[in-house]
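Data first, discussion second: the structure below is written as structure tokens.
In this note's numbering, the protein residues as written are 3 to 138.
Put into structure tokens, the structure is as follows:
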């Protein structure tokens with residue numbers, strides 16, 4: 003189960019043969035996001051376990067999960083954009099059913115991220131799942 007936005011990223015990745023092109027694509031996705039309001043960059047929204055500074059601000063609207071995010075690292079900001087494509091607008095009750103590791107493996111990210119970045123990505127997914135579970 004994925005969103006059309008995530009499927010669009012998967013499709014775009016299929017046309018990018020070189021990992022450096024994929025890396026640039028992820029960074030561009032991050033640059034396209036609106037910046038997170040500095041007032042939302044607080045300890046309650048900070049994700050621990052990431053090598054860089056990461057903040058996720060989730061909201062539930064009409065039973066659908068959404069979040070915005072920010073990072074001080076360009077690639078991590080891009081990873082936030084990828085996660086937004088995977089999770090935004092999913093019914094909050096279905097968020098825990100999204101198999102993020104499997105879906106993200108379709109992009110080959112685990113093969114090209116450092117151990118610290120992979121740990122940070124897992125920490126972001128875990129935060130998303132926790133928030134959804136609390137609001138389901």
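Glycine is no exception: its CB is placed at the ideal position from the N, C-alpha and C atoms.
Which one of the options has the shortest CA to CA distance from residue i?
i, options, result
"residue 128", "66, 116, 48, 21", "48"
"residue 80", "6, 100, 133, 35", "35"
"residue 133", "67, 16, 50", "67"
"residue 37", "52, 75, 118, 7", "75"
"residue 6", "90, 21, 20, 19", "90"
"residue 8", "119, 114, 105, 22", "105"
Would DSSP call residue i helix, strand or coil?
i, result
"residue 58", "strand"
"residue 93", "strand"
"residue 51", "coil"
"residue 120", "helix"
"residue 128", "helix"
Where residue i and residue j are concerned, what is the direct C-alpha to C-alpha distance, given to the nearest angstrom?
i, j, result
"residue 54", "residue 64", "32 Å"
"residue 61", "residue 43", "15 Å"
"residue 11", "residue 58", "21 Å"
"residue 124", "residue 93", "21 Å"
"residue 103", "residue 41", "31 Å"
"residue 107", "residue 136", "27 Å"
"residue 98", "residue 50", "20 Å"
"residue 1", "residue 71", "Within the shown structure, residues of the chain are numbered from 3 to 138, placing residue 1 beyond reach of any answer."
"residue 17", "residue 138", "37 Å"
"residue 25", "residue 111", "9 Å"
How about residue i and residue j: do their beta carbons lie closer than 8 Å?
i, j, result
"residue 83", "residue 32", "yes"
"residue 4", "residue 85", "no"
"residue 29", "residue 69", "no"
"residue 39", "residue 27", "no"
"residue 100", "residue 78", "no"
Quick check on the DSSP output: the beta strand (DSSP E) that includes residue i runs from which residue to which?
i, result
"residue 72", "66-73"
Following the continuous alpha helix (DSSP H) through residue i, name the residue where it begins and the one where it ends.
i, result
"residue 106", "102-107"
"residue 43", "Note, residue 43: premise wrong, no alpha helix (DSSP H); not H, not E."
"residue 113", "Segment: none, residue 113 is in no alpha helix (DSSP H) and carries neither H nor E."
"residue 23", "21-34"
"residue 6", "6-17"
Would you say residue i lies against chain C (beta-carbon separation less than 8 Å)?
i, result
"residue 32", "Annotation note: the requested chain C is absent from the structure, which comprises a single protein chain."
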